[in-house]
Amino acid sequence: MKKSALLPVALALTSFGFVGCGGGKKSTAKPLSGLTTRVFASQSVSSLTASPGLVIVNGLTDTLARAPVIGAGTSPGLMAISPQRLIVMVFDSATNNVDIVDTKTESLAGTISLPGPTTSMIAPTNSVGYAAVPGAPLIGSSPGALEVMDLPNDVISASISVPSAQTVVSNPSGTELLVFSNDSDAVTVVSPLFVNTSSPVTTTVPGFDRPAYAVFSSDGSTAYVLNCGAECGGTQASVQTLSMATLAVGTPVPVDAATIGLLSGSTLYVAGTPATKNACTGQTTAATTCGRLDIVNLGSMTVTGRVVITDGYHDRIDISNDGQLFIGSHTCTNIGNVNNITGEVRGCLSIFDTTTPGNTTAIIPPDNGDVTGFQTISRPGATNVGSDSVEYVAEGGNLRVYNTLTDTLLLDQFIETGTITIAGQIIDVKAVDFF
């Protein structure tokens with residue numbers, strides 16, 4: 007089934023750099039922080055003790071930079087960074103604006119207004135960004151659109167009709183996108199190169215079971231679609247291949263649950279919370295519901311391992327350079343209080359060591375709150391003991407630093423508690439420089 011629906015403004019698309027690095031914001035000014043290993047953390051402030059914006063962290067010492075907070079709206083949260091790390095898009099939930107930050111100058115370079123809130127946006131190049139807006143109003147179509155953002159000119163250049171568009175994922179080159187919609191058994195394929203031609207802009211591919219996310223092969227030829235199944239009102243969670251050349255759909259490989267995934271070599275790690283059979287067997291916890299991490303061998307398309315993890319809706323995942331898989335969720339079962347540890351403390355974070363053969367146990371750190379951001383950092387030769395490989399974790403509004411050698415909070419002379427002290431609520435975190 008094919009469809010094509012654009013606002014008239016879509017026809018004005020003429021100069022996007024979809025494949026290359028594109029234009030982006032131009033400036034010759036030097037960064038105010040003077041740092042070469044920077045991490046941006048979006049700070050949403052709920053008091054008068056700090057200013058909202060992007061906090062700059064020294065990624066070598068886990069300390070705050072001596073530089074002003076970068077202004078990025080009144081309630082900045084979700085971020086997306088281009089592959090060249092020249093621009094960062096920041097979503098402001100208070101205004102539904104996307105603020106564009108120039109990483110070279112550490113300053114606001116522009117603002118684009120979205121027609122509604124988003125929880126998924128990407129920047130495949132420095133000149134174009136995409137946001138899935140489920141409630142975007144479109145004349146003659148059901149609400150929902152993939153908004154195409156012209157970043158150099160600070161405008162929405164096209165609104166591509168995708169009813170109830172919730173999540174957007176790009177192939178490695180940025181030449182094909184997959185859009186997932188709530189309560190749908192289809193995936194929408196978008197080819198940005200065809201937006202300004204007579205060819206169909208979107209192709210709707212049926213045959214799935216409440217698809218929620220996808221992971222592309224390294225060459226972009228295959229998308230491994232994660233069917234949420236019963237967790238999202240469907241039938242059976244599974245992994246299904248989608249050929250990007252023919253759009254042929256493969257046979258489902260059943261898994262326990264599937265809302266987020268990560269590909270490492272020929273192994274696909276899939277996480278979610280089953281609608282049933284979600285007991286915490288094997289864990290000593292007061293929680294009565296737990297999630298699952300399924301390990302899928304893509305060579306044989308079989309599940310080779312299952313691991314009990316925290317529950318909630320899993321939508322964050324990252325792997326450190328030394329093979330520690332960090333899995334985060336929101337609306338999970340919180341146990342205890344990290345500020346008054348008298349018994350079990352548990353939140354939305356799970357850590358799985360992928361380097362130990364046959365490992366079937368996840369580490370559940372003693373922390374509370376939703377996990378809203380991950381960033382792995384490798385810094386060989388760092389002088390702090392155990393700090394050459396760390397994972398920044400935004401959980402419960404705090405910015406934690408985990409030592410991936412021990413999967414525990416990093417404790418050293420710079421951060422004695424394993425937490426970078428920041429006045430506001432930290433929502434997301436991105437490494438701006440290549441470590």
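In terms of our numbering, the sequence shown is numbered consecutively and its last residue is 441. Don't be surprised by glycine CBs; every beta carbon is placed ideally from N, CA and C.
Opening and closing residue of the beta strand (DSSP E) in which residue i lies
{"i": "M307", "result": "Where M307 is concerned, there is no enclosing beta strand (DSSP E), given that its DSSP letter is neither H nor E."}
{"i": "K283", "result": "Taken as a continuous stretch (DSSP letters only), K283 belongs to no beta strand (DSSP E), as it is neither H nor E."}
{"i": "V344", "result": "That residue, V344, is in no beta strand (DSSP E); it is neither H nor E in DSSP."}
{"i": "R44", "result": "R44 to S50"}
{"i": "R72", "result": "That residue, R72, is in no beta strand (DSSP E); it is neither H nor E in DSSP."}
{"i": "S335", "result": "Q330 to H336"}
{"i": "G297", "result": "G297 to N303"}
{"i": "S244", "result": "S244 to S249"}
{"i": "P37", "result": "Segment: none, P37 is in no beta strand (DSSP E) and carries neither H nor E."}
{"i": "D215", "result": "Element bounds for D215: n/a, residue is neither H nor E."}
Closest by C-alpha distance to residue i, when choosing among the options
{"i": "T360", "options": "D394, P280, I433 and G271", "result": "G271"}
{"i": "N132", "options": "P89, N103, S167 and R72", "result": "P89"}
{"i": "N64", "options": "L84, T42 and S81", "result": "T42"}
{"i": "A47", "options": "V276, T310, F214 and L405", "result": "L405"}
{"i": "A137", "options": "P143, G122 and S147", "result": "G122"}
{"i": "V259", "options": "T291, V309, D108 and A277", "result": "V309"}
{"i": "L183", "options": "V221, P280 and S163", "result": "V221"}
{"i": "C354", "options": "Q330, Y319, T362 and D324", "result": "Y319"}
{"i": "I166", "options": "P158, V175, G150 and F441", "result": "G150"}
{"i": "A368", "options": "C234, G297, I76 and L274", "result": "G297"}
{"i": "L157", "options": "S187, V168, G116 and N188", "result": "G116"}
{"i": "E401", "options": "D373, G235 and T382", "result": "D373"}
{"i": "T282", "options": "G135, T291 and C234", "result": "C234"}
{"i": "T291", "options": "A243, N188, V351 and V185", "result": "V351"}
{"i": "L60", "options": "G430, F441 and D439", "result": "G430"}
{"i": "N345", "options": "T316, T194, S326 and G375", "result": "G375"}
Distance, residue j Cα to residue i Cα
{"i": "L38", "j": "Q172", "result": "36 Å"}
{"i": "T5", "j": "I432", "result": "Residue 5 lies beyond the range of the chain shown here (7 to 441); nothing can be said about it."}
{"i": "I128", "j": "S223", "result": "18 Å"}
{"i": "V211", "j": "S170", "result": "15 Å"}
{"i": "V313", "j": "E237", "result": "17 Å"}
{"i": "A437", "j": "S176", "result": "20 Å"}
{"i": "M250", "j": "T228", "result": "6 Å"}
{"i": "T362", "j": "T247", "result": "28 Å"}
{"i": "A86", "j": "T348", "result": "38 Å"}
{"i": "T427", "j": "I421", "result": "8 Å"}
{"i": "V261", "j": "R385", "result": "36 Å"}
{"i": "G334", "j": "A277", "result": "9 Å"}
{"i": "T337", "j": "L274", "result": "24 Å"}
{"i": "V245", "j": "V255", "result": "11 Å"}
{"i": "S119", "j": "V174", "result": "18 Å"}
{"i": "D108", "j": "G79", "result": "15 Å"}
{"i": "S164", "j": "R216", "result": "At residue 164 the sequence reads Ala, which differs from the Ser that was named. Rounded to whole angstroms, A164 to R216 spans 26 Å at the Cα level."}
{"i": "T181", "j": "V94", "result": "20 Å"}
{"i": "S190", "j": "I357", "result": "31 Å"}
Residues of its chain near residue i, where Cβ-Cβ distance is below 6 Å and the 5 sequence neighbours each way are ignored
{"i": "N365", "result": "D359"}
{"i": "T425", "result": "N404 and R406"}
{"i": "N303", "result": "T310"}
{"i": "V213", "result": "One detail in the question is off: residue 213 reads as Gly in this sequence, not Val. The answer, listed in chain order, is V255."}
Paired residues, beta bridge with residue i - DSSP
{"i": "M95", "result": "A86 and I106"}
{"i": "Q172", "result": "DSSP output for Q172 lists no bridge partner at all."}
{"i": "I266", "result": "A277"}
{"i": "M155", "result": "G135 and I162"}
{"i": "Q381", "result": "Y398"}
{"i": "I128", "result": "Y136"}
{"i": "F6", "result": "Past the edges of the chain, shown from 7 to 441, lies residue 6, and the structure says nothing about it."}
{"i": "T425", "result": "R406"}
{"i": "L184", "result": "V175 and V195"}
Distance cut-off 7 Å: residue i Cβ against heavy atoms of the ligand SAH
{"i": "A368", "result": "Judged by which ligands are present, the structure shown has none, so any question about the ligand SAH falls away."}
Other residues of its chain near residue i: CB distance less than 7 Å, five sequence neighbours each side excluded
{"i": "S81", "result": "S50, P58, D98, S99 and A100"}
{"i": "C27", "result": "The predicted position of C27 is uncertain, since its pLDDT is 40 and thus under 50; no value can be drawn from it."}
{"i": "N159", "result": "none"}
Proximity test, Cβ basis, 8 Å: residue i and chain D
{"i": "R385", "result": "Absence of chain D from the displayed structure is noted, only one protein chain being present."}
Chain-order list of residues whose beta-carbon lies under 8 Å from that of residue i (same chain, five-residue window excluded)
{"i": "I383", "result": "V45, G65, S395, V396, E397, Y398, A437 and F441"}
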